[in-house]
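Encoded as structure tokens, the structure appears first; notes follow it.
Residue numbers (the working numbering), protein chains in the order written: chain A, 1 to 379; chain B, 380 to 731.
Pasting the structure below:
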């Protein structure tokens with residue numbers, strides 16, 4: 001595959017790995033957080049950990065949209081599908097997120113709720129056109145990458161005067177989450193989570209540009225290297241972070257220059273700003289309430305806001321008592337530290353959200369890396 | 380004076396007609412459907428016996444192999460095939476994966492009210508061709524009709540019977556550490572071809588389903604191996620290569636070590652999977668097989684596969700290891716290592 005295989009090349013990977021090994025100082029530890037689930041997946045899927053020195057640790061951040069979706073938000077979708085009888089559309093991974101009462105969208109579907117998996121909000125829009133007598137709701141999740149398509153779908157629905165389409169908007173913002181982690185007591189006060197730098201988002205940065213991260217370098221003195229989602233992208237970014245740390249620099253660097261500019265995609269930003277505005281506060285699974293960290297639909301488009309249309313109220317629901325997803329998403333714990341991991345929480349039966357998507361820290365470790373926890377024993 | 384009518388029946392309207400509940404009621408219309416659609420296409424001496432079952436000769440000195448497979452694919456027609464040829468090849472392959480020669484097939488049709496007869500005819504003709512090509516007759520069958528909305532056009536269940544010489548023991552529990560893992564060709568074509576046709580996913584591609592009957596390839600492989608050297612044969616259908624290897628590892632209580640760079644895949648399948656966010660290791664195949672072979676026989680068996688039209692892209696993709704955890708591990712292209720796990724409840728559409 002052209003333009004992709006080049007970024008999965010074994011010889012180049014060994015070359016970067018050798019450079020990282022040369023440049024890390026044996027006298028110190030390096031801890032970097034890869035924010036995005038896409039990076040977490042690439043690291044796990046290609047076994048990149050095997051190519052990194054033992055004193056360099058990657059912490060899996062909260063950048064997996066499915067993982068940070070709180071139970072209460074899925075419950076809102078469930079109520080719409082089960083009680084209000086709407087056609088609820090959403091992205092595939094959301095189907096399996098555990099919700100209240102042992103339910104998930106997938107299980108609600110088996111009970112007769114009309115829930116459809118779509119690849120794009122435009123598919124949901126088409127369903128609304130094709131089913132004029134049914135209410136169609138798109139459960140919209142994701143970071144800045146998936147936000148512009150949602151905004152576009154709302155604009156198109158408004159233009160076409162659709163009366164039966166609305167969006168349950170659960171879009172969240174990356175910079176707010178990074179700030180939240182940097183200002184968390186574990187990082188600031190107790191120092192229980194060492195973060196020497198960030199592998200910055202790939203697709204999110206295509207939309208928002210590299211500008212929004214500049215504050216982290218200035219205020220928090222943390223280097224950020226924006227990187228693509230291929231294994232060589234991530235490895236090159238790690239090498240760049242090692243160099244910054246060694247030099248005592250804290251800069252925004254861009255490894256993903258083939259797609260990311262400082263300004264980002266102005267048209268996508270404009271469409272988003274036209275339709276959506278920042279919420280005062282939003283609950284993230286694992287991080288709790290984070291101020292100014294999510295988007296809601298502007299009053300001008302209130303007709304298309306499912307929360308208003310169906311008079312929905314958000315009710316927070318705590319995670320399973322022993323579920324460590326929160327601590328894992330903040331980098332305080334590793335999947336293996338959770339009592340539920342691999343015992344009652346598995347990809348086939350996820351208890352916590354980190355086990356749902358293959359971009360989640362727990363699912364990635366379970367599916368690709370668990371052999372590292374268990375010594376190979378003869379049969 | 381009235382002239383006697385030839386059959387006193389009006390032929391089925393195979394161009395514009397549809398299946399209705401009467402076709403499944405067991406009366407004259409049912410008989411007519413069987414006669415004009417099924418019996419005519421599948422015609423053979425056993426079916427011609429006209430009984431509810433077929434009376435079949437049993438070869439002496441052989442063991443019987445029997446396999447059954449339900450087919451519920453949507454859409455019914457896809458690039459490279461349709462539910463008809465899939466239903467024949469799928470079951471023939473299940474029989475062949477025990478090292479057997481398939482001899483007979485049965486077919487059961489669950490038809491949905493409203494299914495156009497023209498579509499049914501196309502499917503039945505495709506089945507007849509696949510059975511003829513494979514040299515395996517469809518000797519008995521059954522047809523039922525369900526109300527509109529209670530089926531998906533047509534569901535087909537086929538059962539196959541084959542023979543295998545006494546003493547030949549090929550099965551999932553036979554893999555041993557040190558054995559070679561052979562794969563007969565490129566992965567993921569069937570699943571990718573079907574996905575390309577799904578409503579809401581439609582994308583333009585040249586990918587065709589690889590549906591094929593593998594028993595002649597199996598015969599060619601058996602011909603060059605000594606007794607017991609071919610330990611396991613399995614076709615990686617639903618769940619893809621990854622799931623099949625995990626099944627075998629579980630049955631044999633072994634692990635495997637694979638090389639990602641050795642696994643053959645067409646660039647267009649690779650690209651389609653990339654686009655849809657799918658891992659080709661989990662995408663269904665309908666004309667490929669995995670063979671676990673004694674190390675001393677691996678090169679001869681691989682050469683026999685290369686010489687067969689269905690195995691020209693065959694490759695050795697790894698080896699069996701001693702591992703009570705039964706992990707399928709893989710050296711990735713970039714030089715790291717990962718587990719190749721079971722397929723885990725992906726929300727994928729039905730593909731076989």
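Here a beta-carbon is modelled for each residue, glycine too, at the ideal position from N, C-alpha and C.
Just so we're clear, the structure is a prediction, and the values are computed from it rather than from any experiment.
Residue 476(B) sits in coil when the DSSP states are folded into three classes, being neither helix nor strand. Among the bridge pairs identified by DSSP, residue 443(B) is matched with 542(B). The Cβ-Cβ distance between residue 211(A) and residue 255(A) does not fall below 8 Å. Linking residue 453(B) to residue 577(B) through their CA atoms gives a straight-line distance of about 8 Å.
Contact of residue 723(B) with chain A is assigned, a C-beta pair being separated by under 8 Å.
Every beta strand (DSSP E) stretch that sits fully inside the region 546 to 608 of chain B and reaches 3 residues is listed by chain position as 559 to 562. For residue 14(A), the neighbours in chain B by C-beta distance under 9 Å run, in chain order, 713, 714. In this chain, the alpha helix (DSSP H) harbouring residue 41(A) covers 37 to 45. Under the three-state reduction of DSSP output, residue 338(A) falls in the coil class, being neither helix nor strand. For residue 254(A), the enclosing beta strand (DSSP E) has its first and last residue at 252 to 254.
Under a criterion of Cβ atoms nearer than 8 Å, the residues of chain B adjacent to residue 48(A) are, in order, 713, 715. Counting only Cβ-Cβ distances below 8 Å, residue 646(B) has contacts in chain A at 1, in chain order.
Contacts with chain B (Cβ-Cβ distance below 9 Å) from the region 93 to 116 of chain A involve 93, 95, 96, 106, 116, listed in chain order. Here residue 26(A) has 55 as same chain residues with Cβ atoms under 8 Å from its own Cβ, once five neighbours each way along the sequence are excluded. Within the model, the alpha-carbon separation for residue 307(A) versus residue 572(B) is close to 39 Å. When Cβ pairs closer than 8 Å are counted between the two stretches, the region 169 to 176 of chain A is seen not to touch the region 109 to 116 of chain A, the count staying below three.
Look at residue 198(A): its C-beta is not under 8 Å from any C-beta on chain B. Within chain A, the residues placing a beta-carbon under 9 Å from that of residue 653(B) are 1, 4, ordered along the chain. Note that the region 506 to 518 of chain B touches the region 419 to 426 of chain B; at least 3 beta-carbon pairs, one per stretch, sit closer than 8 Å. Runs of beta strand (DSSP E) with 3 or more residues, each lying fully within the region 389 to 462 of chain B, are found at 441 to 450, listed in chain order. Restricting attention to 565(B), 635(B), 552(B), the CA atom closest to the CA of residue 609(B) is found in 552(B).
Residue 67(A) carries a coil assignment under DSSP once its states are collapsed to helix, strand and coil. With fewer than 16 other beta carbons inside 10 angstroms of its own, residue 322(A) counts as exposed. For the region 692 to 704 of chain B, the beta-carbon criterion of a distance under 9 Å to any beta-carbon of chain A is satisfied by 700, 701, 702, 703, 704.
Residue pairing of residue 31(A) in beta bridges, as defined by DSSP: 57(A). Residue 136(A) is a Cβ neighbour of residue 127(A), given a cutoff of 8 Å.
Burial is judged here by how many other beta carbons sit within 10 angstroms of a residue's own beta carbon; residue 91(A) has at least 16 and is buried. The continuous alpha helix (DSSP H) containing residue 234(A) extends over residues 231 to 247. For residue 171(A), the uninterrupted beta strand (DSSP E) segment begins and ends at 165 to 171.
In this structure residue 230(A) touches residue 7(A) by the C-beta definition: roughly 3 Å separates them, less than 8 Å. In this structure, residue 665(B) lies away from residue 595(B), with their beta-carbon atoms at least 8 Å apart. Of the residues assessed, residue 431(B) falls on the exposed side of the cut-off, its CB having fewer than 16 other CB atoms within 10 angstroms.
Where residue 144(A) is concerned, there is no enclosing beta strand (DSSP E), because DSSP gives it neither an H nor an E.
The Cβ atoms of residue 399(B) and residue 492(B) lie closer than 8 Å to each other.
Setting aside the 5 residues that flank it on each side, residue 438(B) is surrounded in the same chain by 542, each with a C-beta closer than 6 Å to its C-beta; the list follows chain order. Membership of residue 700(B) in the beta strand (DSSP E) is indicated by the continuous run 694 to 700.
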